[in-house]
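Participant: Each residue of the sequence shown is one higher than the one before, counting from 64 in this note's numbering.
This is the structure I have questions about; it appears just below.
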Amino acid sequence: MKRPALKLRGRIFSMMLLLVAVSFVITGIVSSLHFKNANKIYHKDRLLRKEKAIEAHLIREIAQVIHSPNKTMDLNAIIAEEIQALSKIHQTDVMLYGMNGQIIMSSNPELLVDGTMPRQLPEGIRYRRNQVVNFRSDKSNDSEIMVYAAELIDDDGHPLGIMVVPYALEDYLSPTEEGAFYEALATLYVIIFLIASMIALFLSRSITRGVEVVSNAMKNNPLTADRKHIAWSSRDEIGVLVNQYNLMIDQLADNAKQLAQAEKESAWKQMAQQVAHEVKNPLTPMRLMTQMHATKAGNLTAEEVHAFADGMLAQIDAMTQVADDFSQLSKGPSKDKSTFIAPIVLEIQAAYPMLKVLIPRSLEGVQSVVNRERLIRVLNNLISNAKEASVLVDKPQFSLMVVHDEHWLTFTIKDNGCGIDPANLEDVFQPRFTTKSRGTGLGLAIVKAILDRFGGTLWVESSSPEGSEFCFTLPVKA
C-alpha cells in the first residue's frame, strides 16, 4: 500500500524539527569532546606542576647531601626517604630509574608488582624526557596513564638517574557532577526543543498559508470568468504568486468576454449562412419554373398552370419549413403546465403502425413538465429518422420504449438501419449535420434544444452497422 505523502506544511515542520534535533546531537557530541579534551589538559598541567615541584625538591636534597661535610650519609636512603615523603605530600607516585632504564626505587612497589609500570623503562619514555608521554603497559589491563620522565643531574652536570612520575587519567568532573551537568543540559534541551517546535509550527503555517489560500481559491471556485481576486498584503514570494493569480483572473475574464463575443459572431455567421443556403435551395427551382412559364405564358393550359402553382406552393412550403426550424432554435422555454405521457405515446403509436411500442402499465398517470406539441415534435423527429434509416434493410424494425422511476422518464428509440459512422457521433447534434440528401440538418439540433429547455438530456446509446439507439430523459413531475 502506497504511503500518503506529507503535505508541504508537514514537510517544512519535520525538516525544522530535524534541524533542531541534529543541532542538539552535534552540541552534545561537541560538549562531550570538549570536556574530554579539557580533562586531559587539566591533568597534564597538574602532572607538570607536581613533577616540577618534586624534581626541584629532589635536586635540592641531592645537592645538600653531596656538599655535606658528613661523608657517611647514605644518598640512596635519603632519596628513598624523600621520595616517600614527596609521594604523600603530592598524592602521587614517584619512581627512580637508572640511566640504563633499570628500576632503582619506587614510592609504590605495587605498581611494579601489578605491571602498571615496568621494571625496565621503555625507550619511548627514556629518550623522551622532560615531556608528558601517554603510556599503557602490556601487562596491565588498566586504562592509559600519563608519564613524565625527568633527568636528575648534580651541580657538575652529571646525570644521577631518571625520575618518573606516573599519573592516572581521572575524570575532571566526578560522576555525580558529570551526571548533574548532563541532566541540566538535557532539561535545557527539552525546553529549547518545545520552544523550537512551536516556532517551527508557526513558521510552517506562516509559509504555507499563502499557498493554501491560492489552492483553496483554485479548488473551490470554478474555472470561470467570475473568479474573485485573492487579497494578500505581504510583498513576499507568496505575494508574487497571488499577484500572478489575480492577473490570470483578469486575463481569464477578458478572454471569456472575447470568446463569448466571438462565439456570438460565429453563431450568427453560421446561422446566416445556413439560412441563405436553405432559402436558396427552393428559390432556384422557383426561378427556373417562373422563367420557363414566362416564355410560354400565352400557350399555358389549365393543367400546366395548376402544375406550376403546385410546384411553387411546394417550394414555398419548403421555405416555410426552413423558417419554422430556425424559429424552434430561438424559442425560449415553455411555460405550459405538466403533460401526461401515456396518451402522447399512444398517439405516436397510432401515427406509426409499424412502430413497436413498449411501455409499462405504471406509465399511466405519470406526468412531466413539457409542452405537448414539442414532445410530439421530438418523438416524430427521432422516429422519422429511425424509420428512414431502416428503409434499405430487408426487414425494417424500429421501436419506442419508455421506462421511468421516481425522478426521470427515459425514452429509447431504436432501429436496425445502417447506423451512424463513429467519426460523426460527436457532431450528430450540431446544426447542419445530416446524412440525408434532403433536409436542413437542424432536426436533432432542434430536438436537443427542446429537451435542454425542459431539463432533459439527449444522447446516442449505441450506433453500429446493425442500427442506432437514441435515448433522452425528461424529469417526472413530483
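Note that CB positions come from ideal geometry on N, CA and C, so glycine has one too.
How about Val83 and Ile117: do their beta carbons lie closer than 8 Å?
Facilitator: If you number the sequence shown from 1, residue 83 lands on position 20. If you number the sequence shown from 1, residue 117 lands on position 54. Cβ atoms of Val83 and Ile117: not closer than 8 Å.
Participant: Given that a residue counts as buried once 16 or more other Cβ atoms are within 10 Å of its Cβ, and exposed if not, what is Glu366?
Facilitator: For this step, residue 366 is matched to residue 303 along the sequence shown. With fewer than 16 Cβ atoms within 10 Å of its Cβ, Glu366 is classed as exposed.
Participant: Out of curiosity, what's the CA-to-CA distance linking Phe198 and Lys103?
Facilitator: Here residue 198 is taken as the residue at index 135 of the sequence shown, counted from 1. Here residue 103 is taken as the residue at index 40 of the sequence shown, counted from 1. Between Phe198 and Lys103, the C-alpha separation is close to 14 Å.
Participant: Report the residue from Ile225, Thr179, Gly220, Glu214 whose alpha carbon sits nearest the alpha carbon of Glu207.
Facilitator: Taking the first residue of the sequence shown as 1, we reach residue 207 at position 144. Among Ile225, Thr179, Gly220, Glu214, the Cα nearest to that of Glu207 is on Thr179.
Participant: Could you tell me the distance, in whole angstroms, from the CA atom of Glu186 to the CA atom of Leu257?
Facilitator: As a position in the sequence shown, residue 186 is number 123, starting the count at 1. As a position in the sequence shown, residue 257 is number 194, starting the count at 1. Taking the straight line joining both Cα atoms gives about 57 Å.
Participant: Output needed for Val620: all residues of its chain with C-beta closer than 7 Å, excluding positions within five of it in sequence on either side, in chain order.
Facilitator: As displayed, the chain neither begins before 64 nor continues past 541, which places residue 620 out of reach and without an answer.
Participant: Return yes when the Cβ of Leu138 is within less than 8 Å of the Cβ of Ile146, no when it is not.
Facilitator: By one-based count along the sequence shown, residue 146 stands at place 83. By one-based count along the sequence shown, residue 138 stands at place 75. Cβ atoms of Ile146 and Leu138: not closer than 8 Å.
Participant: Starting from the C-beta of Ser297, find all residues in its chain whose C-beta is less than 6 Å away, skip the five residues before and the five after it, and write them out in chain order.
Facilitator: Here residue 297 refers to the residue found at position 234 of the sequence shown. Cβ within range, chain order: n/a, list empty.
Participant: Mapping the DSSP letters down to three states, classify Leu363 as helix, strand or coil.
Facilitator: For the purposes of this step, residue 363 is taken as the residue at position 300 of the sequence shown. Three-state DSSP puts Leu363 in coil, outside helix and strand.
Participant: Would Val454 and Phe517 qualify as a contact pair, given that the criterion is a beta-carbon distance under 8 Å?
Facilitator: The residue given as residue 454 occupies position 391 in the sequence shown. The residue given as residue 517 occupies position 454 in the sequence shown. Not in contact: Val454 and Phe517 (Cβ atoms no closer than 8 Å).
Participant: Since His153 is in the alpha helix (DSSP H), which residue starts that stretch and which ends it?
Facilitator: One-based indexing of the sequence shown puts residue 153 at position 90. Its alpha helix (DSSP H) spans residues 138 to 153.
Participant: Among Met375, Asp108, Arg123, which has the Cα closest to the Cα of Met209?
Facilitator: For the purposes of this step, residue 209 is identified with residue 146 of the sequence shown, where counting begins at 1. The shortest Cα separation from Met209 among Met375, Asp108, Arg123 belongs to Asp108.
Participant: For Arg350, which of Met375, Asn362, Lys332 has the nearest alpha-carbon?
Facilitator: By 1-based counting over the sequence shown, the position of residue 350 is 287. Out of Met375, Asn362, Lys332, Met375 has the C-alpha closest to the C-alpha of Arg350.
Participant: I'd like the list of long-range same chain contacts for Pro423, defined as Cβ closer than 8 Å, with 5 residues on each side in sequence excluded.
Facilitator: On the sequence shown, residue 423 is found 360 positions in, with the first residue counted as 1. Excluding five sequence positions before and after Pro423, the CB atoms of its chain that fall closer than 8 Å to its own CB belong to Val465, Val466, His467, given in chain order.
Participant: Got a sec? Which residues, its chain only, sit under 8 Å from Arg192 by beta carbon, not counting five neighbours each side?
Facilitator: Reading the sequence shown from its first residue, position 129 is the one you call residue 192. Excluding residues within five positions, the ones whose Cβ falls inside 8 Å are Ala212, Ala213, Glu214, Ile225.
Participant: Could you check the C-alpha separation between Gln430 and His470 for me, to the nearest Å?
Facilitator: The residue you call residue 430 lines up with position 367 of the sequence shown. The residue you call residue 470 lines up with position 407 of the sequence shown. Distance between the alpha carbons of Gln430 and His470 is about 11 Å.
Participant: Using the C-alpha atoms, what's the distance from Asn448 back to Pro528?
Facilitator: Here residue 528 refers to the residue found at position 465 of the sequence shown. Here residue 448 refers to the residue found at position 385 of the sequence shown. Rounded to the nearest angstrom, the two C-alpha atoms are 15 Å apart.
Participant: When the Cα of Ala148 is compared with those of Gly161, Ile167, Glu124, Thr364, which residue comes out closest?
Facilitator: Within the sequence shown, numbered from 1, the residue matching residue 148 stands at position 85. Taking only the C-alpha atoms, the option nearest Ala148 is Glu124.
Participant: Could you spell out the range, first to last residue, of the alpha helix (DSSP H) harbouring Ile411?
Facilitator: On the sequence shown, position 348 is the one that residue 411 refers to. Note, Ile411: alpha helix (DSSP H), 404 to 414.
Participant: For the stretch 433 to 521, list the beta strand (DSSP E) runs that are entirely contained and at least 3 residues long, ordered along the chain.
Facilitator: 461 to 467, 471 to 478
Participant: Considering Cα atoms alone, identify which of Asp177, Ile122, Leu184, Lys115 is closest to Thr155.
Facilitator: For the purposes of this step, residue 155 is taken as residue 92 along the sequence shown, with counting starting at 1. Nearest C-alpha to Thr155: Lys115.
Participant: Excluding the five sequence neighbours on either side, which residues of its own chain have a C-beta within less than 8 Å of the C-beta of His120, listed in chain order?
Facilitator: Within the sequence shown, residue 120 is the residue found at index 57, counting from 1. Closer than 8 Å at the Cβ level, and outside the excluded window around His120, lie Glu145, Leu149.
Participant: For Arg272 and Ala263, I'd like the C-alpha separation in whole angstroms.
Facilitator: Walking along the sequence shown from the start, residue 272 turns up at place 209. Walking along the sequence shown from the start, residue 263 turns up at place 200. Cα to Cα, Arg272 sits roughly 14 Å from Ala263.
Participant: Take Gly91 and list the residues in its own chain whose beta-carbon comes closer than 6 Å to its own, dropping the five residues that flank it on each side.
Facilitator: As a position in the sequence shown, residue 91 is number 28, starting the count at 1. If we look at Gly91 and ignore the five residues flanking it on each side, it has no Cβ neighbours.
Participant: By the three-class DSSP mapping on this structure, what secondary structure does Tyr105 have?
Facilitator: As a working mapping, residue 105 is identified with position 42 in the sequence shown. Here Tyr105 sits in helix by DSSP.
Participant: Just the C-alpha distance for Leu110 and Ile270, rounded to the nearest angstrom, thanks.
Facilitator: Numbered from its first residue, the sequence shown carries residue 110 at position 47. Numbered from its first residue, the sequence shown carries residue 270 at position 207. Roughly 58 Å between the two C-alpha positions.
Participant: If distances are taken between C-alpha atoms only, which option among Glu524, Leu488, Gly242, Val195 comes closest to Phe98?
Facilitator: Along the sequence shown, read from residue 1 onward, the residue named residue 98 stands at position 35. Measuring from the Cα of Phe98, the nearest candidate turns out to be Gly242.
Participant: Could you tell me the alpha carbon to alpha carbon distance between Val253 and Ser260, rounded to whole angstroms?
Facilitator: Sequence index remark: in the sequence shown, residue 253 carries index 190 (1-based). Sequence index remark: in the sequence shown, residue 260 carries index 197 (1-based). For Val253 and Ser260, the distance between alpha carbons rounds to 10 Å.
Participant: Pick out whichever of Arg435, Ala372, Lys327, Ile89 has its Cα sitting closest to the Cα of Ile407.
Facilitator: Residue 407 sits at position 344 when you count from the first residue of the sequence shown. Checking every option, the nearest Cα to that of Ile407 belongs to Arg435.
Participant: Taking only three categories from DSSP, how would you classify Met168?
Facilitator: Within the sequence shown, the letter at position 105 stands for residue 168. The answer is strand: DSSP assigns Met168 an E or B state.
Participant: Excluding the 5 residues preceding and the 5 following Leu248 in the sequence, name in chain order all residues of the same chain whose CB lies nearer than 8 Å to its CB.
Facilitator: Translated into the one-based positions of the sequence shown, residue 248 becomes position 185. Within the same chain, Leu248 has close Cβ partners Gly91, Ser94.
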